[in-house]
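Numbering (full-length UniProt numbering), first residue to last: 1 to 312.
Ideal Cβ placement from N, Cα and C applies to all residues, glycine included.
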């Protein structure tokens, strides 16, 4: 990716391993000089075109899978980001999973089980709308480990640090098996979240999105900011980096996420697979026959039919 042409260096949002993270000091709105109209009408469509090309190669190669994990506060724009960035791709090669409260079946397994069984296959792009980080943030804030089925001796203050290690090891394991993961935190401001939540109440076409839990969760804003900061800081690695992306301006958020995804696919660098020697010979023979058919009369077409009829 030529960063001079995209006008945004997404590395500015990447959390390097060992970096101290304080979300209060991270931008929530577009923080670069860039023209919105240029992004929406020119730059973003170009990136989507490149993503479509890489997706086709990823699918054809069938060697790597890619996972994008989206985390955010309510109303930060996860669903819209998925729709606008990944909606234009071939749905046959995209797997989107939205994780909600765990079911009784999921609670009967380890906390990473439900994410494991929903991983993409080789050749697919997998989108986690919420992810394994629910289990070190939401679960922690609402003290949901008690009654979760966990053995009591493991429910203690040290469990969160242990889970950070488990998650980082799991993500590294996936990387070493050809399934790199990139994690994106859509960083919305408290003021913008309030505006969007009010919109869900006041606009009829947004009512379906409204939930009372959206309002009650705002009461825990400071707790979420603290725990997300800690989780991101503890688990951003070379193999599975975190990006804290401004989310107040939806057009900018979607552009940056598309660039992050493009950069990750470029790192994989999928290629169309080379045909084996037998297939190459068959293709060469078929090309000659097709050239002959294009230049000759119907008699040659009969030769072509006869040739295929022999099973060659």
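- Spatial neighbours of residue 36 in its own chain (CB-CB distance under 7 angstroms, excluding positions within 5 residues in sequence) are listed in chain order as 251.
- For residue 240, the secondary structure class from DSSP, reduced to helix, strand or coil, is coil.
- One alpha carbon belongs to residue 282, the other to residue 272, and they sit about 18 angstroms apart.
- A contact between stretches requires three or more CB pairs, one per stretch, nearer than 8 angstroms, and the region 121-128 meets this requirement with the region 83-94.
- Annotation for residue 176: the continuous alpha helix (DSSP H) segment containing it runs 159-176.
- Boundaries of the beta strand (DSSP E) harbouring residue 69: 66-72, taken from the DSSP string.
- Closest option to residue 17, judged by alpha-carbon separation, among 242, 246, 292, 290: 242.
- By the 16-neighbour rule on beta-carbons within 10 angstroms, residue 201 is exposed.
- Membership of residue 213 in the alpha helix (DSSP H) is indicated by the continuous run 212-218.
- Counting only runs that start and end inside the region 39-66, the alpha helix (DSSP H) elements of at least 4 residues fall at 44-61.
- The beta carbon of residue 216 sits closer than 8 angstroms to no other beta carbon from its chain once the five residues preceding and following it are set aside.
- If you look at residue 232, you'll find it in the alpha helix (DSSP H) that goes 221-235.
- Look at residue 118 here: in three-state DSSP terms it is coil, with no helix or strand label.
- In the three-state reduction of the DSSP assignment, residue 245 falls in the strand class.
- Rounded to the nearest whole angstrom, the C-alpha separation of residue 65 and residue 46 is 23 angstroms.
- The three-state secondary structure of residue 100, taken from DSSP, is coil.
- In the pairwise beta carbon analysis, the region 222-242 is classified as not touching the region 46-55: fewer than three pairs are separated by under 8 angstroms.
- If only complete runs of 4 or more residues are kept, the region 242-283 shows the alpha helix (DSSP H) at 250-268, in order along the chain.
- Looking at the backbone, the Cα of residue 143 and that of residue 211 are separated by about 21 angstroms.
- Of the other Cβ atoms in all chains shown, 16 or more fall within 10 Å of the Cβ of residue 180; this residue is therefore buried.
- In the assembly as shown, residue 186 is a buried residue. Its beta-carbon has 16 or more other beta-carbons within 10 Å.
- By the neighbour-count criterion, in which 16 or more other beta carbons inside 10 Å mark a residue as buried, residue 161 falls on the exposed side.
- Put simply, the region 247-267 touches the region 70-82. At least three CB pairs are less than 8 angstroms apart.
- If you look at residue 78, you'll find it in the alpha helix (DSSP H) that goes 78-81.
- Counted as a single uninterrupted DSSP element, the alpha helix (DSSP H) harbouring residue 139 occupies residues 138-141.
- The straight-line gap separating the alpha-carbon atoms of residue 232 and residue 255 is approximately 22 angstroms.
- Looking from the CA of residue 28, the closest CA among 169, 193, 237, 262 belongs to 193.
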